[in-house]
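Going down the list, the sequences are from chains P and U.
Yeah, the first sequence ends on 301 if you go by the numbering used here, and it's all consecutive.
Yeah, the second sequence ends on 1252 if you go by the numbering used here, and it's all consecutive.
Ideal Cβ positions, reconstructed from N, Cα and C, are used throughout, including at glycine.
On a predicted model such as this, the values are computed, not experimentally measured, just so you know.
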Amino acid sequence: MHLLEGEGVSRNFGGLVAVAGVDFYVDQGEILGLIGPNGAGKTTLFNLISAALPPSAGTISYEGSPITGLPPYKICRLGIARTFQTVKIFAHLPTVRNVMVGSLFGTGSRSSATEALRIADEELEFVELSSLRDVPAGDLTLASQKRLEVARALATQPKLLLLDEIMAGLTRNEVEEAMDLIARIRARGITVVMIEHVMHAIMGICDRIIVLDFGVKIAEGTPAEVAADKKVIEVYLGEEI
Amino acid sequence: MKAIQMTRDKSVTLGLLIVAFLILALLPQFTSGYLVTLLIDILKFAVLTVAWVVFSGPTGYMSLATAAFYGLGFYIAAVFSGTVPFPLLIMLAGASAFVVALGVGALTLRLRGVYFAIFTFALVLLVQNVVLEVERVVTQTRGRFVETVSTEGVYYAILIVFFLTILAAMLIRRSRYGLALQSIGEYEEAAAHSGINVVWTKVLTFATSAVFMGMAGAIIATRRTYIDPYIAFNLNTSFLPVLMAMFGGMGNLVGPVLGAALFTYIGEILLTRFPDLYMLIFGVVLIVSILFMPNGVLGLAQGVWRKMRGGGHAPS
Ligand SMILES: Nc1ncnc2c1ncn2[C@@H]1O[C@H](COP(=O)(O)OP(=O)(O)O)[C@@H](O)[C@H]1O
Ligand SMILES: [Mg+2]
């Protein structure tokens, strides 16, 4: 049984088909990369999995049960956490409170405030933001805000983590740190799906890659297979993979 | 250390509350009727403002439905006037407001921003007109009579409800709901994806705040012998708490209470001294305060205090 599985997943916006009948699966413990040009439908697919949007057609199952139709908070409590391409933090709350929202409400079991605070501090430590725990989240740099979103998602104790372009806009050094962070997340046994444009990062850490173009899955396979795929090369014409 | 500090803060706050309650409770024994009447007015607005802040403060959803729940309390008082004891009447009004607010909340809290404000505004007009129609067609009356309660009785009732409101507001702020509400106000989508049942949290808090508005309505209704839909569902009752909260500042609960007290008192003075210029002066005071005191009177006072002590930044 796959951890997550989608069949014929589609989403239209008026006449625009953002995701067109995509079949996909994610297995326990792997890092799956989701790539494709801007507007390919990657974020929309995350929105469908996390129930930010309902699919126009298709079903999504998690641990063998359909989850289509559940509200976002239930998806989160089931163990699917996410970050956002454009960061969505609680800007006026201290950093640690941001993370505490995840540990207090997102785990699926009721925990005390003390316990939630302890977990929040642990996750801040994990993403190396402990020194900024009392700073309003809005005052953090973009790189730190992206880490904060990862910490908030991890605080919900997910089995599956969806990362939407956490490396976009980061410096070379910060990208290296983010890659290290993802490796350490996997080491905890958490399954990761990552959308990314930073090719060497994707190729370096993913076990498997799905390529979307205009909402359609055009390729799927190991990094080496995908990099050699004709359709993929066409889509990324002129870019070095 | 931190935990000890927090429990001390808590007991200090609680001690101050009890002292304030005792002073206010003993006041009618020592003072003139005018002060008690003024205090009833102040406490009424303090209840409405704090109750409004409970929901609208952290979430940023601007509710203009206050008059609907307050007016509902008026009508509950009128309908059951003379048949049930005063305390029961107040509880009945609170319960009715809760139930109605649950329904209204479930319908409207999907709306964001200005749409929510406009819908709650329209709700007041809707309820007012429905009651008018029911009176015209069904009961064939216009307005209703209410059995009055002694000034002291009203004073103690509104005083108790005031402290219940403060207590509820404090509990909500400090509980997990407080954090949930704040995160909803900061970024609703992120709150939902972090495991918060945003719809339920909003609706429940909205209904809880309505309880106190309904209770205040039932109490104040007994100050009049006659009420009608225009008196009960007056839009000023929706707008004033918003202005009072802005005037006082919403950073903590002292702000809204201070705002309600000063606003009511200043309004009273202006109305007696300059009845013709009342609205004009009031308007100017308001505009100036909103423009130059973004954090209200309390925020201004805190800023001045910090400057006097030589700098430092606002605690987050
Ligand atoms: N909420 C929305 N309403 C309308 N169109 C949308 C919405 N979200 C995404 N789209 C459109 O769907 C397409 C796919 O967008 P998106 O999933 O964000 O792409 P990607 O993340 O791969 O860059 C784009 O054409 C985008 O404009
Ligand atoms: Mg995207």
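Check	Outcome
Coarse secondary structure for Ala117 of chain P, derived from DSSP in three states	strand
One or two residues paired with Glu1088 of chain U in a DSSP bridge	None; Glu1088 of chain U has no bridge partner.
Buried versus exposed call for Phe186 of chain P [16 or more other C-beta atoms within 10 Å across all chains shown]	buried
Backbone secondary structure at Ile149 of chain P - three-state DSSP	coil
Buried versus exposed call for Ala939 of chain U [16 or more other C-beta atoms within 10 Å across all chains shown]	Model confidence at Ala939 of chain U stands at a pLDDT of 46, short of 50, so the residue's coordinates are unreliable; what they give is reported in the following sentence. Label assigned to Ala939 of chain U: exposed.
Helix, strand or coil at Phe1057 of chain U [DSSP, three-state]	helix
Proximal residues of chain C, C-beta to C-beta of Ala151 of chain P below 8 Å	Absent from the structure: chain C. Protein chains present are P and U.
Three or more C-beta pairs below 8 Å linking the segment 260-273 of chain P and the segment 111-122 of chain P	no
Burial state of Arg1245 of chain U, where buried means 16 or more other Cβ atoms lie within 10 Å	exposed
Buried versus exposed, by CB contacts within 10 Å (16 or more), Gly229 of chain P	exposed
Where Arg232 of chain P falls, given that 16 or more other Cβ within 10 Å makes a residue buried	exposed
Same chain, Cβ closer than 8 Å to Val156 of chain P, five either side skipped, listed in chain order	Leu177, Ala180, Asp181, Leu184, Arg193 and Asp194
Thr1044 of chain U to Met1180 of chain U span [Cα, whole Å]	24 Å
Nearest to Ala151 of chain P (by Cα), restricted to the options P:Pro132, P:Ala197, P:Ile265 and P:Val82	P:Ala197
Secondary structure of Ser204 of chain P, DSSP reduced to three states	helix
Chain U within 7 Å of Tyr296 of chain P, Cβ atoms only	no
Classification of Val292 of chain P by the beta-carbon crowding that lies within 10 angstroms, buried from 16 upward	buried
Beta-carbon spacing of Ile1226 of chain U, Met1186 of chain U below 7 Å	no
Closer than 6 Å: Phe73 of chain P CB and nearest ligand 1 heavy atom	yes
Helix, strand or coil at Asp87 of chain P according to DSSP, with G and I counted as helix	coil
Contained alpha helix (DSSP H) runs [length at least 4] in the segment 1117-1180 of chain U, N- to C-terminal order	1124-1129, 1134-1157 and 1165-1168
Other residues of its chain near Phe1142 of chain U: CB distance less than 6 Å, five sequence neighbours each side excluded	Phe991, Ala1037 and Gly1041
Inter-residue spacing [alpha-carbon to alpha-carbon] between Thr1101 of chain U and Tyr1092 of chain U	14 Å
Gly101 of chain P beta carbon near ligand 1 (any heavy atom closer than 6 Å)	yes
Cβ of Phe106 of chain P within 7 Å of any chain U Cβ	no
First through last residue of the beta strand (DSSP E) which encompasses Glu256 of chain P	Note, Glu256 of chain P: premise wrong, no beta strand (DSSP E); not H, not E.
8 Å Cβ cut-off: residues of chain U touching Ser110 of chain P	His1129
Proximity winner among U:Phe1034, U:Thr1019 and U:Ile1163, relative to Phe1081 of chain U (alpha-carbon distances)	U:Ile1163
Sub-7 Å separation of Leu979 of chain U and Ile1094 of chain U beta-carbons	yes
Closer than 6 Å: Ala78 of chain P CB and nearest ligand 1 heavy atom	yes
Length at least 4, wholly inside the segment 205-247 of chain P: the alpha helix (DSSP H) runs in chain order	232-247
Near ligand 3: Arg1080 of chain U beta-carbon under 6 Å from a heavy atom	Because ligand 3 does not appear in the structure shown, any question about it cannot be addressed here, the ligands present being ligand 1 and ligand 2.
Spatially closest choice to Asn158 of chain P from P:Ser116, P:Ala215 and P:His62, by CA coordinates	P:Ala215
Members of the segment 183-204 of chain P near chain U, C-beta cut-off 8 Å	Asp194, Val195 and Pro196
Ile1096 of chain U, DSSP secondary structure in three states	helix
Coil, strand or helix - Tyr970 of chain U by DSSP	helix
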